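Engineer: Chains as they are written, first to last, in my numbering: chain A, 7 to 90; chain B, 186 to 443.
For every residue, glycine included, the Cβ atom is placed at its ideal position computed from N, Cα and C.
Please read these numbers as outputs of a predicted model, since none were measured by experiment.
Below is a structure I'd like to ask you about.
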């Protein structure tokens, strides 16, 4: 029962993180929040009882975040804001 | 762009009430289809058949070795396709580049340098510890959690950190793009070689108890699992290094254009 409650909380946090990734103006911010996404996914795997998958998720999450930040140099970071 | 994002969200909200979640088995249900036949057999016989204390390793590398072989191949192909896509040079950009060559603006470094991290700390402390941990994960994966994929990803991460923090290091510590792709293929080759050795010993493909070695059956199983894990490690590390190298070249190329 407790693990089910924990899973529900983590899944709600995942939904909130996903929405904030989609609706953020700055690409750098989305990449950093994506790192948080993979971290919460890792916690979810641990709660579900799969530490092997959680280990893989932790390492791959770090690598993909660094690669995204490297690739951000080549494109424009910010989308057009509506105020200007 | 964001205007059209509402449409899939609306469709999702409309469809959601009509999906019957009762059809899906609940978590940990002992009567659902995957839990009735296969799981029980794995749980009871993983030590007896595969001689591996970690059940996950037994399932991934021993019971389902074909799956893992094809997974490694798919990852190798993904690395090569990333290399090919990033190495292709559009013609318009090439023309623009030839016009820009005359100006020859200041040369930027390949990677963003994190100047707050001390290079000596990086070389002497952080990288060796991560490498030792990768080897521990590789060789201890039969008993504790971990295995080939994680160890390969850790080795790739060491290369990534090295490239980022010390961009102007000697060429001895760098790997060319084609060499790293070759190493990624070598990992898959080691995996297949293990299967061919079992064929020579008279068994079917990847049946570890028929390895042609003068050992007991448990030792044969652990040697086979270790060989396969080493192959997976080399393949994953080579793939990650290939992706990093091709991204580096592309970033440098794009910087020249601006």
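#1: How would you call residue 405(B), buried or exposed, if buried means at least 16 neighbouring beta carbons within 10 angstroms?
#2: Determine the closest residue to residue 343(B) out of 423(B), 231(B), 259(B), with distance taken between C-alpha atoms.
#3: Leaving out five residues before and five after residue 135(A) in sequence, what residues of the same chain have Cβ atoms less than 6 Å from its Cβ?
#4: What first and last residue would you give for the alpha helix (DSSP H) that runs through residue 261(B)?
#5: Under 8 Å by Cβ, that's how I've got residue 380(B) and residue 391(B) pegged, so tell me the actual separation to the nearest angstrom.
#6: Can you check whether the C-beta of residue 58(A) is within less than 7 Å of a C-beta belonging to chain B?
#7: Please go through the same chain and pick out, in chain order, the residues whose beta-carbon is closer than 8 Å to the beta-carbon of residue 195(B), but skip the five residues on each side of it.
#8: Among residues of its own chain, excluding the 5 on either side of residue 43(A), which ones have a beta-carbon nearer than 6 Å to its beta-carbon?
#9: Determine, using beta carbons only, whether residue 267(B) and residue 428(B) come nearer to each other than 7 Å.
#10: Just to make sure I have the definition right: I need the residues of chain B whose C-beta is within less than 7 Å of the C-beta of residue 17(A). Which are they?
#11: Going by beta-carbon coordinates alone, are residue 333(B) and residue 418(B) separated by less than 7 Å?
#12: Of all the options 354(B), 374(B), 393(B), which has the alpha carbon lying nearest to the alpha carbon of residue 249(B)?
#13: Please classify residue 426(B) as buried or exposed, where buried requires at least 16 neighbouring CB atoms within 10 angstroms.
#14: What does residue 334(B) touch in chain A if you count any residue whose Cβ is under 8 Å from its own?
#15: For residue 55(A), which residues from the same chain have a beta carbon less than 6 Å from its beta carbon, with the 5 sequence-adjacent residues on both sides left out?
#16: May I ask which residues mark the beginning and end of the alpha helix (DSSP H) holding residue 43(A)?
Structural biologist: Per the coordinate set shown:
#1: Within the second chain, the letter at position 220 stands for residue 405(B). Answer is buried; the Cβ neighbour count reaches 16.
#2: Numbered from its first residue, the second chain carries residue 343(B) at position 158. Comparing Cα positions, the closest option is 423(B).
#3: Since the first and last residues shown for chain A are 7 and 90, residue 135(A) lies out of range.
#4: Position 76 of the second chain, counted from the start, is the residue given in the question as residue 261(B). That run of the alpha helix (DSSP H) goes 250 to 272.
#5: The sequence position of residue 380(B) within the second chain is 195, counting from 1. The sequence position of residue 391(B) within the second chain is 206, counting from 1. Confirmed, about 5 Å.
#6: As a first step, residue 58(A) must be located in the first chain, where it is residue number 52. True, the Cβ-Cβ gap to chain B drops below 7 Å.
#7: The sequence position of residue 195(B) within the second chain is 10, counting from 1. Excluding the 5 residues flanking it on each side, residue 195(B) has no same chain C-beta neighbour closer than 8 Å.
#8: The residue labelled residue 43(A) in the question sits at position 37 within the first chain. Cβ neighbours of residue 43(A) beyond the five flanking positions: 23.
#9: For this step, residue 267(B) is matched to residue 82 along the second chain. For this step, residue 428(B) is matched to residue 243 along the second chain. Closer than 7 Å, so yes.
#10: Here residue 17(A) corresponds to residue number 11 of the first chain, with the count starting at 1. Within 7 Å Cβ-Cβ: nothing; residue 17(A) doesn't reach chain B, min ~12 Å.
#11: Working through the second chain from its first residue, we reach residue 333(B) at position 148. Working through the second chain from its first residue, we reach residue 418(B) at position 233. Yes.
#12: By 1-based counting over the second chain, the position of residue 249(B) is 64. Measuring from the Cα of residue 249(B), the nearest candidate turns out to be 393(B).
#13: As a working mapping, residue 426(B) is identified with position 241 in the second chain. By the neighbour-count definition (other C-beta atoms within 10 Å, threshold 16), residue 426(B) is a buried residue.
#14: Your numbering for residue 334(B) matches position 149 in the second chain. Result: 62.
#15: Within the first chain, numbered from 1, the residue matching residue 55(A) stands at position 49. Taken in chain order, the list of residues that qualify is empty.
#16: Position 37 of the first chain holds residue 43(A). It spans 33 to 53 - the alpha helix (DSSP H) in which residue 43(A) sits, taken as one unbroken run.
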